[in-house]
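**Q**
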Amino acid sequence: VLCKARVRNEHNLVIDEKPILGGCDLGVSPVELVLVALGTCQEIMYSVTASRMNIELEECDVKLKAELDVRGMLGVKGEEASCPGFTSIDYVTTLKSDASRDELANLIKTVEKQCPVLDMLTRKVEINSSTIVNKQMLTHEDKVA
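The opening residue of the sequence shown carries number 47 in the numbering used here; numbering runs sequentially from there.
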């Protein structure tokens, strides 16, 4: 299941699954990558936003955990079947700063409002999908047949 991705022709990512899901655990899994994206986006947003607000941050750390039931991912049917994605994501942000409580409250509110990855995970996003098989585009009817 090992996959490689190249971003902006500069950065290589190695993405894999754990052996129980057919991988060799040579990289982060796609769902772990989503959590990494959220945590790092939050940290970047705190840094950029604090700088714009003239707030000095001595520390900014985001720890995440999520619930994922692999039965949904594996297509398990039945009463206990679940969705294939996360059922919950929890994160704790640790900040250290001499800024006032009001300044930090404003910083937190701004980051929560403007973090693009958090927005994508909390808002329904329109996704358009195409599939090409043997150089032919599948139609919607082909996909549902």
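The C-beta atom is built at its ideal place from N, Cα and C for all residues, glycine as well.
Going residue by residue through the region 135 to 186, where are the continuous alpha helix (DSSP H) segments of at least 4 residues, counting only ones entirely within it?
**A** 147 to 160 and 162 to 168
**Q** Determine the burial state of residue 62: buried for a count of at least 16 other Cβ atoms within 10 Å of its Cβ, exposed for fewer.
**A** By the neighbour-count definition (other C-beta atoms within 10 Å, threshold 16), residue 62 is a buried residue.
**Q** Restricting to runs no shorter than 3 residues, where is the beta strand (DSSP E) found entirely within the region 63 to 98?
**A** Listed in chain order, nothing qualifies, since the region 63 to 98 has no complete beta strand (DSSP E) run of 3 or more residues.
**Q** Residue 74: which of 59, 86, 68 and 87 sits nearest, CA to CA?
**A** Nearest Cα to residue 74 within the set 59, 86, 68 and 87: 59.
**Q** I want to see whether chain D comes within less than 7 Å of residue 66, judged by CB atoms only; does it?
**A** You won't find chain D in this structure, because it holds only one protein chain.
**Q** Quick one, are the C-beta atoms of residue 83 and residue 163 less than 7 Å apart?
**A** Against a cut-off of 7 Å, the Cβ pair of residue 163 and residue 83 comes out as a contact.
**Q** Under the rule that 16 or more other beta-carbon atoms within 10 Å means buried, what is residue 106, buried or exposed?
**A** buried
**Q** Contact between the region 99 to 118 and the region 137 to 152 is defined here as three or more beta-carbon pairs at a separation below 8 Å; is this criterion met?
**A** yes
**Q** Looking at residue 81 and residue 110, is the spacing between their C-beta atoms short of 7 Å?
**A** With a cutoff of 7 Å on beta-carbon distance, residue 110 and residue 81 are scored as near each other.
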